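**Q**
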Amino acid sequence: MSDFGMSSDELEQMYQEVILEASKNPHGKEHFAPDAAVEPTGGVDSAQSVVRASHEYCTPGESHQFNPTCGDEATVHVEISDEEPHIIKRLVWDGHGCSISQASLSVMVDLVNGASVDEAMDLEHIFHQLMQSRGAGLDNEALEDRLGDAVAFQGVSKYPMRIKCALLGWEGLKDSIAKALAAKES
Amino acid sequence: MAKMIDFDKIRAEFPILDQQVHGHPLVYLDSAATAQKPQCVIDAEAEFYRTINAGVHRGAHELAARATMAFEDGRAKVARLVGANAAEGEEELVVTAGATAGLNLLATAFGNASLGRGGQAAKRFALQPGDEIVVSRAEHHSVLLPFQELAYRTGATFKWLDLTEDGRVRTDNLDEVITERTKVVAVTHVGNTTGAITDIAPIIARAHAVGALFILDACQSVPHLKVDFHALDVDFAAFSAHKMYGPTGVGFLYGKRELLEALPPANFGGSMVELAYMDQEAQYMAPPARFEAGTQPVAQVVAAGVAAEWMMNIGLDAIEEHERGIAAELLKLGDIDGIRILGPRENVNRIGTVAFDVAGVHPHDVGQYIDAQGIAIRVGHHCAQPIHRHFGLYASNRASSGVYNTVEDAQALVEAAKGIRKFFGA
């Protein structure tokens, strides 16, 4: 039984050191959003269970992302400059989840905080492509360079069940930027 | 008294278990999600298509007659497994697409009765504002949601029995929760997260004392325990075939015959109606046909009958005893530093379904780590979010036994689990 208790190569390919590290001390994580794992109403005495709409608390530059299969949640909060080109002045998030989702949010903050909105959307697109590569990677050094630490998620792209974990924060980024821009136009 | 059974031989009847996953022999500990199938069940479904296939209860040709007999024989075998009537004209099992479909059928039928359908006989199922529906916090979403929606539709009040610290349904305050206004009580026989066997006798007694109907979710009990719906005196019960070594896509709704006869239909279509008109109300067939609209999963019912017979040949006592040994090993997960069992820690009044939390490691990461060693467990909320909130969690890890598991399977998981927190640095 010597095999048991040891991690296989596959496992180490997925859980790169960068990912395990970032998941333990994620960047940009602050506490400002409610938590789905907490009971929303009182116990047995409440006549009806009240389900809180998960997005009620979101401000214009915020997006709440939720993965119902595992309960991972991320609320991404973005502030962008008024003048064009729009710059991401502040990017923070709140949530909880597996090491893949937490690490991906952390790496995303490092990559796009302070960047222009256009650059952030480009990176989101490139990262999406990486996650759709089924483990093959992008086969494009220039693009991989732009992704920096986020290329560590290449191993995750082999696992269809985990791709959503890696994309959770990036979906939140895309949506929160769209909301922030829409709020400026209105 | 349990017979002496060779469980190694039984395991060998499951071809799927004879394979490697990620370079390790497959260890399947996810039977609470779906059980694997013995060769006889796989063969029964294929054989039906090879030799008999035809629609049932329609057509006059030879294959249609044989198919109908095989279908009703399948129903009868399953009925024998769970202590239900199957004699012609007294059938108490309705074929459904699964337990979820059965529970929705029931809730929809109660809703129809609440709208006045089914006439005077169906009044006993009708709900209105002021009436109460009671479930437990341990319910699977397939019990919680159909009856919660029924409460919203009818204006009835939705209430629930709470849980003890280790996730058992509390029975110390039944008189407070189940009252003279309670019309429906729906509770699980075995918690799909905790593996805890509910002490249902006092709940059923209290429900009947106030004139309420009692509905049992038997999904997690029928595959593992001797279940007799007549002896339990439940009014309705639902379970699925795929968790009891049968095929997917089919389940059964049990109802006491007199109740099924009074219950209005929920699904409408072919082969459930005696007389249909353009300008008059239809006259519906007697149960179970009244609830079996459309073409039925015939091959699956036949194979479910084979699965039921296969289980009875082993003997439910022997199955229960064998799995109790697996449960004892799985519960050793709780001895590992940082691992908490969610549910009863003692191997008493529980089955071999053991949920656990690993401190500092998310269930998805646990599942990935365990899977890399060829071991299949379930991670997530197991379609039971409220009980996870009870434990202060959103999701957990769950190992669950089947008749084919060995003590070594459980030991492999326990050994593997010892490395989880180290790997993730928790």
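Protein chains in written order, with the UniProt record's numbering: chain S, 1 to 186; chain V, 1 to 426.
By construction, the Cβ of each residue, glycine as well, lies at the ideal position given by its N, Cα and C atoms.
In this text, all values refer to a predicted model and were calculated from it rather than measured experimentally.
#1: Measure the C-alpha to C-alpha separation of Ser23 of chain S and Ser99 of chain S and round it to an integer number of angstroms.
#2: Kindly indicate if chain V contains any beta-carbon less than 8 Å away from that of Glu10 of chain S.
#3: Can you tell me whether DSSP reads Ile326 of chain V as helix, strand or coil?
#4: Please list the terminal residues of the continuous alpha helix (DSSP H) segment that includes Leu143 of chain S.
#5: Thinking C-alpha only, which one of S:Val18, S:Ala150, S:Leu20 is nearest Gln129 of chain S?
#6: Quick check on Ser81 of chain S: buried or exposed, where buried means 16 or more other Cβ atoms within 10 Å of its Cβ?
#7: Of the residues V:Thr179, V:Ile204, V:Thr193, which one's Cα is nearest the Cα of Val187 of chain V?
#8: Grab me the residues of Gly155 of chain S's own chain with a C-beta within less than 6 Å of its C-beta, minus the 5 sequence neighbours each way, in chain order.
#9: Please confirm if the stretch 260–279 of chain V is in contact with the stretch 237–246 of chain V, defined as three or more CB-CB distances below 8 Å between the two stretches.
#10: Cβ of Ala372 of chain V less than 8 Å from any chain S Cβ?
#11: Taking the alpha carbon of Ala282 of chain V as the point to measure from, which residue in V:Gly118, V:Glu309, V:Asn397, V:Ile375 has its own alpha carbon closest?
#12: Closer than 9 Å, Cβ to Cβ, to anything on chain S: give me those residues from the stretch 376–404 of chain V, in chain order.
#13: Check the Cβ of Met14 of chain S against every Cβ in chain V and list those closer than 9 Å, keeping chain order.
#14: Closer than 8 Å is the cut-off here; do at least three beta carbon pairs connect the stretch 92–107 of chain V with the stretch 288–296 of chain V?
#15: Flag this pair as yes or no: are the beta carbons of Gly200 of chain V and Leu216 of chain V separated by less than 8 Å?
#16: Using the three-state DSSP reduction, which class does Ser401 of chain V fall into: helix, strand or coil?
#17: Report all residues from its chain with a CB closer than 7 Å to the CB of His381 of chain V; omit the five preceding and five following residues, and keep chain order.
#18: DSSP three-state call for His64 of chain S: helix, strand or coil?
#19: Between Ala2 of chain V and chain S, is the shortest Cβ-Cβ distance under 8 Å, so that the two count as touching?
#20: Pick from S:Phe127, S:Glu21, S:Ala152, S:Glu119: whose alpha carbon is nearest that of Leu167 of chain S?
#21: Output, in chain order, the set of chain V residues within a Cβ distance shorter than 7 Å of Lys24 of chain S.
#22: Name the DSSP bridge partner or partners of Gln20 of chain V?
#23: Hey, would you say Asp166 of chain V sits closer than 8 Å to Pro344 of chain V, going by beta carbons?
#24: Which residues in the same chain as Glu309 of chain V place their Cβ atom closer than 6 Å to its Cβ, once the five residues preceding and following it in sequence are excluded?
#25: Since Ile377 of chain V and Leu29 of chain V should fall inside the 8 Å C-beta cutoff, what is the C-beta to C-beta distance between them, to a whole number of angstroms?
#26: Establish whether the CB of Asp335 of chain V and some CB of chain S are separated by less than 8 Å.
#27: My understanding is that Gly251 of chain V touches Gly83 of chain V, with C-beta atoms under 8 Å, so please give their C-beta distance in whole angstroms.
#28: Thinking just about the alpha-carbon of each residue, which of V:Val348, V:Gly315, V:Phe214, V:Gly74 is nearest to the one in Ile326 of chain V?
#29: Pull up the distance between the alpha-carbon of Leu17 of chain V and that of Gln36 of chain V, whole angstroms please.
#30: What ranges does the beta strand (DSSP E) occupy inside the stretch 209–248 of chain V, keeping only unbroken runs of at least 3 residues that lie completely in it?
#31: For the pair the stretch 56–71 of chain S and the stretch 309–323 of chain V, tell me if three or more CB-CB distances fall below 8 Å.
#32: Might you give, ordered along the chain, the residues of its own chain that have their beta carbon closer than 8 Å to the beta carbon of Pro85 of chain S, omitting 5 neighbours on each side?
#33: So with CB distances below 9 Å, who are the chain V contacts of Gly169 of chain S?
#34: Indicate whether residue 455 of chain V and Arg350 of chain V have their beta-carbon atoms separated by less than 8 Å.
#35: For Phe110 of chain V, list the residues DSSP reports as bridge partners.
#36: Below 8 Å on C-beta distance, what does Pro363 of chain V contact in chain S?
**A** Inspection of the coordinates gives the following:
#1: 5 Å
#2: yes
#3: helix
#4: 141–147
#5: S:Ala150
#6: exposed
#7: V:Ile204
#8: Gln13, Met14
#9: no
#10: yes
#11: V:Gly118
#12: Val379, Gly380, His381, Gln385, Pro386, His388, Arg389, His390, Gly392, Leu393, Tyr394, Ala395
#13: Gln368, Ala372
#14: yes
#15: The sequence as given places Ile at residue 200 of chain V; Gly does not occur at that position. Cβ atoms of Ile200 of chain V and Leu216 of chain V: closer than 8 Å.
#16: coil
#17: His388, Tyr394, Ala395
#18: strand
#19: Note that Ala2 of chain V scores a pLDDT of 48, beneath 50, so its modelled location is shaky and nothing firm can be said.
#20: S:Phe127
#21: Gly425
#22: V:Pro25
#23: yes
#24: Lys77
#25: 5 Å
#26: no
#27: In fact, because the Cβ distance is near 17 Å, the residues do not count as touching under 8 Å.
#28: V:Val348
#29: 8 Å
#30: 213–217, 236–240
#31: no
#32: Ser116, Val117, Asp118
#33: Within chain V, no residue comes near Gly169 of chain S; the closest Cβ sits about 15 Å away, beyond 9 Å.
#34: The structure shown does not extend to residue 455 of chain V, since chain V is modelled only from 1 to 426, so the question has no answer here.
#35: In DSSP, Phe110 of chain V forms no bridge with anything.
#36: Cys70, Cys98
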